[in-house]
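What the sequence shown shows, in my numbering, is residues 91 to 200, in sequence order.
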Amino acid sequence: MARFLVILPFAVVALDVFAIIDVALTEHRRVRALNKFVWIVIVVLLPIIGALLWFFLGKERQDPAGEPRRIAPDDDPNFLRNIRRDEEQDERIRRLEQELAELDDDPPKE
91 MARFLVILPF
101 AVVALDVFAI
111 IDVALTEHRR
121 VRALNKFVWI
131 VIVVLLPIIG
141 ALLWFFLGKE
151 RQDPAGEPRR
161 IAPDDDPNFL
171 RNIRRDEEQD
181 ERIRRLEQEL
191 AELDDDPPKE
């Protein structure tokens with residue numbers, strides 16, 4: 091338990107330093123709700139809570155390339171629409187192949 095009490099302050103300071111650097115290096119357009127200076131003050135005055143608030147509420151999430159986050163395929167309406175269209179086309183092809191097979195099954199005329 092004594093080791094935990096020795097390590098805990100270092101972990102809190104490391105979290106706060108990381109959060110302050112992250113606030114300072116984040117682009118202005120990605121900062122939500124408050125400006126960067128206010129976020130730094132919050133992180134400094136509320137050591138653990140301020141850092142957590144910054145990471146969860148303070149900035150927009152984006153890919154490193156600057157593109158908005160992608161949604162999962164099962165949440166993308168265009169992807170789902172394409173799957174339904176492909177399934178409908180496959181079903182039409184199966185019916186046509188079945189009709190062709192039935193026509194080919196006719197006995198030859200003599």
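Note that CB positions come from ideal geometry on N, CA and C, so glycine has one too.
- Message: Are the CB atoms of Lys149 and Arg120 within a distance shorter than 8 Å?
- Response: Sequence index remark: in the sequence shown, residue 120 carries index 30 (1-based). Sequence index remark: in the sequence shown, residue 149 carries index 59 (1-based). Contact flag set, yes.
- Item | With 16 other Cβ atoms within 10 Å as the buried cut-off, status of Ala109 | Your numbering for residue 109 matches position 19 in the sequence shown. It counts as buried.
- Query: So, Leu143 versus Arg122, is the Cβ gap smaller than 8 Å?
  - Reply: Position 53 of the sequence shown, counting from 1, holds the residue named residue 143. Position 32 of the sequence shown, counting from 1, holds the residue named residue 122. In this structure, Arg122 does not lie closer than 8 Å to Leu143 by Cβ.
- Beta-carbon proximity check, Val131 vs Ala141, cutoff 8 Å: Locating residue 131 in the sequence shown gives position 41, where the first residue counts as 1. Locating residue 141 in the sequence shown gives position 51, where the first residue counts as 1. Against a cut-off of 8 Å, the Cβ pair of Ala141 and Val131 comes out as no contact.
- Taking C-beta to C-beta, are Asp112 and Pro137 nearer than 8 Å? As a position in the sequence shown, residue 112 is number 22, starting the count at 1. As a position in the sequence shown, residue 137 is number 47, starting the count at 1. Contact flag unset, no.
- Message: Among Phe145, Ala191, Asp194, whose alpha-carbon lies nearest the alpha-carbon of Ala114?
- Response: Translated into the one-based positions of the sequence shown, residue 114 becomes position 24. For the residues Phe145, Ala191, Asp194, the minimum Cα distance to Ala114 belongs to Phe145.
- Cutoff 6 Å; reference Pro163; Cβ partners in own chain excluding five residues on either side: On the sequence shown, residue 163 is found 73 positions in, with the first residue counted as 1. Hits under 6 Å: Phe169.
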